[in-house]
Amino acid sequence: MISVYYDGKCSLCSKEINYFKQRTPKHPILWHDIATHPEHLEDTGLSQSEALMFMRVRDATGTLHSEVDAFIVMWSQFSGWALLARALSVPGIYQLVGLVYRRFAAYRFAKYPHCKASLSG
Numbered sequence: 001m002i003s004v005y006y007d008g009k010c011s012l013c014s015k016e017i018n019y020f021k022q023r024t025p026k027h028p029i030l031w032h033d034i035a036t037h038p039e040h041l042e043d044t045g046l047s048q049s050e051a052l053m054f055m056r057v058r059d060a061t062g063t064l065h066s067e068v069d070a071f072i073v074m075w076s077q078f079s080g081w082a083l084l085a086r087a088l089s090v091p092g093i094y095q096l097v098g099l100v101y102r103r104f105a106a107y108r109f110a111k112y113p114h115c116k117a118s119l120s121g
């Protein structure tokens, strides 16, 4: 079983998560909206603001993955998406996608008031 920690107040994030919730994963997935339920982060060692900055996934071994690695773990659970997950792991592609994702994540974090508010909590 894996756990996915996502920002349920982000419209783009929610659309993607809702898409995957409607599909059948290879193994069960626990979906945690950390924008409205930050208590789900208690065993991660992350603050809410740290978790809201990037996508996070805990794999079946208990390892917490972030950024592109989190998407790779999550997508590998779904037929048709596992190939994309493998493609993202290719050196060069991985670094480029990581750079683009970090820039997008910083923009998204700065855009949403609940993300900025989490910095003071």
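The opening residue of the sequence shown carries number 1 in the working numbering; numbering runs sequentially from there. Just so you know, even glycine gets a beta-carbon here, dropped at the ideal spot from N, CA and C.
Keeping to the same chain, check which residues put their C-beta closer than 6 Å to that of K26; ignore five residues upstream and five downstream.
Q77
Mind checking who L52 pairs with in its DSSP beta bridge?
In the DSSP output, where bridge partners are listed per residue, L52 has none listed.
Am I right that L88 and V97 are in contact with their C-beta atoms under 8 Å? What's the rounded C-beta distance?
6 Å
Determine contact between the stretch 12 to 26 and the stretch 40 to 48, defined as no fewer than three beta-carbon pairs at a distance below 8 Å.
no
Same chain, Cβ closer than 8 Å to E67, neighbours up to 5 away in sequence not counted:
F54, M55, G98, Y101, R102, A105
Within the stretch 58 to 102, ranges of the beta strand (DSSP E) (whole runs, at least 3 residues):
64 to 66
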